[in-house]
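Residue numbers (the numbering used here): 681 to 1112.
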């Protein structure tokens, strides 16, 4: 990340020029950019998006940072003697958003000294830490509308509690509760041996959250921006249950796509460390309070054919339905594609739903009906829904239901990942 050093030098130069001369329109524009998205744009100019994805170094857009800060700092207050800590602070976007809501003292110098007792951060990259410190000084000066003391604050430097280090190795053991704010890396990593809720590859953000909660005292507050897969992905069901055992979930909010340059949906998690945990609030919406779920009237399963795993030369010849052969909302009477398959097949009529599905798709669940008499081998990129009564009319009713806006709305609240799962379809509140 040494390529980012030039931008850090630009921030420092901006602060020193503002301390000497009265800000002109260009300075005001540069200051505004420095406090809102400037570091992120500068980083993308010097480091490829592929590299940023590999290390999880995506700075938080101001829209999301403000959503988080509004939960963490209410009317300029944080819990008594509970510092705001970002254990993966990057260039300080979350700390900046929180500091915007902190009160000012009579002078810039006094404000900085007060904020230093409240604002903590750690990051692996020294360049990011330097940018975070300088930006906080610039924010305080802009709120005071006075830059006379900036030079001295940049020379010290200010904010000694924002430092370079590794969260796992250099975490400060706080004896009192803190307010954790974080947008952790979304990269994939191997689950450590001590991880009790997963094995194999996991999203590093899930590990970050559990490590934070496990290594802080009871009543520690955690407000985080997390990838949607943690909220609704079936692989993270055990993680969600674990969070509920060690924390009280206060609030969950869907935030949409992270940014135009990072195509992943995110959500906000606000919880409090609690040894007893709670089951009062779910990360996912619960089952419908009344009426029936789809699984009460239909059998739901993923297609059995895994093309790269099953040999096309083994088993009887079958009609073979793939995702690309499904025209949404049609009734498929003839399947031209054939292949050999010895596994599970499905006898029509039944409904198939495409698993690949984005929150922007409308309707969200693209589906079709398969009719006929011969059993069909179905690709695993499709979800099969077969009415328990074997009725074609029930299939048609289901197709009408899947096209409704209310169904798309429910699915988008339940899961904003890039695919649907059999569990999600089973939970649909279908009463037709």
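Glycine included, every Cβ here is placed at the ideal spot set by N, Cα and C.
- Contact between the segment 861-879 and the segment 1001-1008 is absent: fewer than 3 CB-CB pairs across the two stretches fall below 8 Å.
- Of the candidates 773, 858 and 802, 773 places its Cα closest to the Cα of residue 816.
- If the five residues before and after residue 993 are omitted, its C-beta is found closer than 8 Å to the C-beta atoms of 1020, all from its own chain and listed in chain order.
- Cβ atoms of residue 818 and residue 695 come within 8 Å of each other, at about 6 Å.
- Our two residues, residue 915 and residue 1105, have alpha carbons roughly 16 Å apart in a direct line.
- By the neighbour-count definition (other C-beta atoms within 10 Å, threshold 16), residue 1092 is a buried residue.
- Only exposed fits residue 1024, as fewer than 16 other CB atoms lie within 10 angstroms of its CB.
- Here residue 942 carries a strand assignment [DSSP, helix/strand/coil].
- Here the segment 775-786 makes no contact with the segment 889-898; the two share fewer than three CB pairs at distances below 8 Å.
- Burial state of residue 996 is exposed, judged by a 10 Å Cβ sphere holding fewer than 16 other Cβ atoms.
- In the DSSP assignment, residue 881 falls within the unbroken beta strand (DSSP E) covering 881-883.
- Taking 4 residues as the shortest admissible run, the segment 822-865 contains the following complete alpha helix (DSSP H) segments, listed from N- to C-terminal end: 830-835 and 847-850.
- With contacts defined by Cβ atoms closer than 7 Å, residue 1061 and residue 991 do not form a contacting pair.
- Straight through space, the alpha carbons of residue 782 and residue 703 are spaced by roughly 24 Å.
- In the three-state reduction of the DSSP assignment, residue 779 falls in the helix class, which pools H, G and I.
- Between the segment 1028-1037 and the segment 1055-1073, the count of Cβ pairs shorter than 8 Å is three or higher; the stretches touch.
- Annotated three-state conformation of residue 801 is strand, per DSSP.
- In the assembly as shown, residue 872 is an exposed residue. Its beta-carbon has fewer than 16 other beta-carbons within 10 Å.
- Scanning its chain for C-beta atoms nearer than 7 Å, with the 5 sequence neighbours on each side dropped, one finds around residue 846 the residues 804, in chain order.
- For residue 821, the closest of 708, 977, 1101 and 931 by C-alpha to C-alpha distance is 708.
- Of the residues 1064, 952, 721 and 882, the one whose Cα lies closest to the Cα of residue 907 is 882.
- Secondary structure note for residue 923: its alpha helix (DSSP H) is the uninterrupted segment 917-926.
- A straight-line Cα-Cα distance of about 11 Å links residue 1071 and residue 1051.
- In this structure the segment 1077-1091 touches the segment 1038-1048; the number of beta carbon pairs closer than 8 Å is three or more.
- Counting other Cβ atoms within 10 Å of its Cβ, residue 831 stays below 16 and is therefore classed as exposed.
- Secondary structure of residue 796 (DSSP, three-state): helix.
- Relative to residue 1075, the option among 977, 1000, 690 and 713 whose CA is nearest is 977.
- Inclusion of residue 719 and residue 771 in the CB contact set at 7 Å is warranted, their separation being smaller than that value.
- Non-local C-beta neighbours of residue 710 in its own chain, meaning closer than 7 Å and more than five positions away in sequence, comprise 694, ordered along the chain.
- If you draw a straight line from the Cα of residue 699 to the Cα of residue 692, it comes to about 11 Å.
- The shortest CA-to-CA distance from residue 979 to any of 1048, 1000, 1026 and 933 is the one to 1026.
- Taking C-alpha positions only, residue 941 is separated from residue 1000 by approximately 38 Å.
- In the structure shown, residue 789 adopts helical secondary structure according to DSSP, grouped into three states.
- Boundaries of the alpha helix (DSSP H) harbouring residue 688: 685-700, taken from the DSSP string.
- Membership of residue 1093 in the alpha helix (DSSP H) is indicated by the continuous run 1085-1094.
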